[in-house]
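Take the sequence shown: its position 59, counted from the start at 1, is 119 in the numbering used here, and no numbers get skipped.
Glycine included, every Cβ here is placed at the ideal spot set by N, Cα and C.
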Amino acid sequence: MARPAPESRRRACNHRRSVLGFRPLPSPSTLDSLLRPLRLLLRQWLRLQPADSLVRQQDLVGLTGEVLLGCHRDQRGLVRLRVRDCWIDARAYGSDERPLLRGDRVLVLHHQDDHLWVTRLEAT
């Protein structure tokens, strides 16, 4: 069997290297060696960051939020609160005589057994 001419071999090799004008990605081991310093720096930076994602019930007392699911007095509803740059949806009971409606602004008064007691914030 005859060997193809060196020029045709070169053309075939160039075709494999460049599909639509892009070069193929480096091998996984090459990528790993290139990205290792970046990974180490990122890991060190993350270790220095404070990581207290625990939200305690007493942290919620005094916060304001919005009613997602309305409720009457002593009935359970749902409120959305912003705690440490995160939104938290919590079960809540209304403590007012008037019902809480969706979209009302509320204030968290206290917590008891994983439930919050809220009151409507009056518009002034």
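| Check | Outcome |
| --- | --- |
| For arginine 107 and arginine 151, the rounded distance between their alpha carbons | 34 Å |
| Glutamine 104 to aspartate 92 span [Cα, whole Å] | 18 Å |
| Whether valine 121 touches leucine 160 by CB criterion (8 Å) | no |
| Beta-carbon proximity check, leucine 167 vs threonine 124, cutoff 8 Å | yes |
| Distance between leucine 94 and glutamine 135 (C-alpha atoms, nearest Å) | 58 Å |
| Residue burial classification, glycine 137 (beta-carbon count within 10 angstroms, cutoff 16) | buried |
| Between the CA atoms of glutamine 109 and aspartate 164 - distance to the nearest angstrom | 36 Å |
| Buried or exposed (CB count within 10 angstroms, at least 16 for buried), leucine 176 | buried |
| Residue environment, leucine 141, which counts as buried when at least 16 other CB atoms sit within 10 Å | buried |
| Aspartate 149 - DSSP class collapsed to helix/strand/coil | strand |
| Contact check, glutamate 157 vs arginine 133, beta carbons under 8 Å | yes |
| Residues of its chain near valine 143, where Cβ-Cβ distance is below 6 Å and the 5 sequence neighbours each way are ignored | Val115 |
| Classification of cysteine 146 by the beta-carbon crowding that lies within 10 angstroms, buried from 16 upward | exposed |
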